[in-house]
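Here full-length UniProt numbering is used: position 48 in the sequence shown is 48, and no number is missing along the way. Cβ coordinates follow ideal geometry from the N, Cα and C atoms, glycine included.
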Amino acid sequence: MEYLVIVYDKPGTTEFAGSSYNIVANSREEIIEFLKTDPYYKAGIWDVDNALIYPYGCAGRLAKDIIKP
Numbered sequence: 001m002e003y004l005v006i007v008y009d010k011p012g013t014t015e016f017a018g019s020s021y022n023i024v025a026n027s028r029e030e031i032i033e034f035l036k037t038d039p040y041y042k043a044g045i046w047d048v049d050n051a052l053i054y055p056y057g058c059a060g061r062l063a064k065d066i067i068k069p
């Protein structure tokens with residue numbers, strides 16, 4: 001499944017708001033494990049415990065042929 005993940009920085013750690021990812025994973029727990037390997041988490045910047053994790057599907061379509069010969 002594909003997920004949208006938003007991780008905010010802990011207040012006062014940086015001038016940035018956080019980071020976002022599009023991740024393919026099997027579970028929320030797998031995503032948390034991945035986030036905890038990141039240098040920003042290890043440096044105490046990311047608030048992984050309050051990460052926003054939303055499953056979603058992305059779809060596309062083919063262009064419609066509207067020009068007739």
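Assigned secondary structure, residue i (DSSP; H/G/I helix, E/B strand, else coil)
i: P39; result: helix
i: I66; result: coil
i: K49; result: Reading off the sequence shown, one finds Asp at residue 49, where the question assumed Lys. Three-state result, D49: helix.
i: E29; result: helix
Proximity of residue i and residue j at Cβ, strictly below 8 angstroms
i: Y3; j: A17; result: no
i: I45; j: K10; result: yes
i: V5; j: I23; result: yes
i: P39; j: M1; result: no
Terminal residues of the beta strand (DSSP E) in which residue i lies
i: N22; result: 18-24
i: E15; result: No beta strand (DSSP E) contains E15, which DSSP labels as neither H nor E.
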